[in-house]
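Protein chains in written order, with this note's numbering: chain A, 7 to 120; chain B, 192 to 304.
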């Protein structure tokens with residue numbers, strides 16, 4: 007158990023809909039990163055939040071957006087869902103300014119887009 | 192060229208033998224290297240991290256780093272059936288307050304009893 011919790015664990019949406027995924031970081035961690043893991047692939051970095059601001063972004067379109075709250079929890083929002091958005095979405099917490107990026111992952115939210 | 196490359200496997204190793212997992216990376220500026228284990232349907236969990244050239248041992252696991260060759264490996268001694276999982280190699284490149292991990296596609300390891 008990493009202390010990182012995500013919700014919901016599974017969800018099904020249809021193409022064009024919007025989805026919000028939630029993450030509570032491990033106690034003492036101030037940074038949250040989101041990753042997308044398609045079936046049979048390694049996780050891909052979406053973006054990272056630190057002090058409630060986006061602090062780096064991977065190669066994902068603007069319809070992927072996020073928030074971080076004062077308690078360091080975070081949301082990932084995806085608009086205009088596409089079939090290729092079907093994946094496991096992983097939230098990871100860490101401490102910026104500490105070590106060089108050891109991440110603690112939650113169990114993920116598995117999104118299916120029909 | 193992929194940023195982080197791994198042999199996807201599957202790699203089959205008899206119980207009790209040494210499993211050897213390999214990874215190469217393309218960015219010479221990479222500073223930190225991680226091995227994550229992922230069981231089917233679960234999230235990745237950190238096994239080892241290594242920052243300096245050479246070997247780092249933790250129990251049955253040894254990580255090896257050769258920055259000149261841009262090569263990272265993970266050795267698992269006395270392999271157990273519970274070691275059967277996908278092993279993900281990840282590389283961290285630190286920018287100006289911008290940290291991220293770039294993962295390989297993973298190597299699926301099966302330990303044969």
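Beta carbons are placed, not taken as given, at the ideal position from N, Cα and C, and that holds for glycine.
On a predicted model such as this, the values are computed, not experimentally measured, just so you know.
For residue i, the three-state DSSP class (helix, strand or coil)
i: residue 80/A; result: strand
i: residue 272/B; result: helix
i: residue 121/A; result: Residue coverage of chain A in this structure runs from 7 to 120, which leaves residue 121/A outside it and unanswerable.
i: residue 89/A; result: helix
i: residue 202/B; result: strand
i: residue 278/B; result: strand
i: residue 71/A; result: strand
i: residue 296/B; result: coil
i: residue 303/B; result: strand
i: residue 20/A; result: coil
i: residue 39/A; result: strand
Close beta carbons around residue i, own chain, < 6 Å, minus the five adjacent residues each side
i: residue 94/A; result: 43, 114, 116
i: residue 262/B; result: 215
i: residue 268/B; result: 209, 251
i: residue 237/B; result: 227
i: residue 247/B; result: 241, 254
i: residue 60/A; result: 53
i: residue 16/A; result: 116
i: residue 301/B; result: 201, 203, 275
i: residue 66/A; result: 52
i: residue 289/B; result: Unreliable positioning characterises residue 289/B in this predicted model, as indicated by a pLDDT of 41, which lies under 50. The coordinate reading is nonetheless provided below. Excluding sequence neighbours, residue 289/B sits near nothing in its chain.
Cross-chain neighbours of residue i in chain B, by beta carbon under 8 Å
i: residue 51/A; result: 291, 292, 293
i: residue 108/A; result: 225, 237, 240
Bridge partner(s) assigned by DSSP for residue i
i: residue 247/B; result: 254/B
i: residue 307/B; result: Since the first and last residues shown for chain B are 192 and 304, residue 307/B lies out of range.
Contacts around residue i, its chain only, beta-carbon distance under 8 Å, and the 5 residues preceding and following it disregarded
i: residue 287/B; result: Because the pLDDT at residue 287/B is just 39, under 50, the model does not fix this residue reliably, and the value given afterwards should be weighed accordingly. Same-chain partners within the cutoff: there are none.
i: residue 19/A; result: 25, 87, 117, 118, 119, 120
i: residue 46/A; result: none
Other residues of its chain near residue i: CB distance less than 7 Å, five sequence neighbours each side excluded
i: residue 211/B; result: 264, 266
i: residue 91/A; result: 84, 117, 119
Per-residue contacts from residue i into chain B (C-beta, under 7 Å)
i: residue 24/A; result: Those do not exist, as residue 24/A stays about 24 Å from chain B at its closest Cβ, beyond 7 Å.
Contacts of residue i in chain A (Cβ-Cβ under 7 Å)
i: residue 279/B; result: 48
Contact list for residue i against chain A, beta-carbon separation under 9 Å
i: residue 297/B; result: 46, 47, 48
Residues in the region 233-251 of chain B having any Cβ partner in chain D nearer than 8 Å: Looking at the structure shown, chain D is missing, and the protein chains on hand are A and B.
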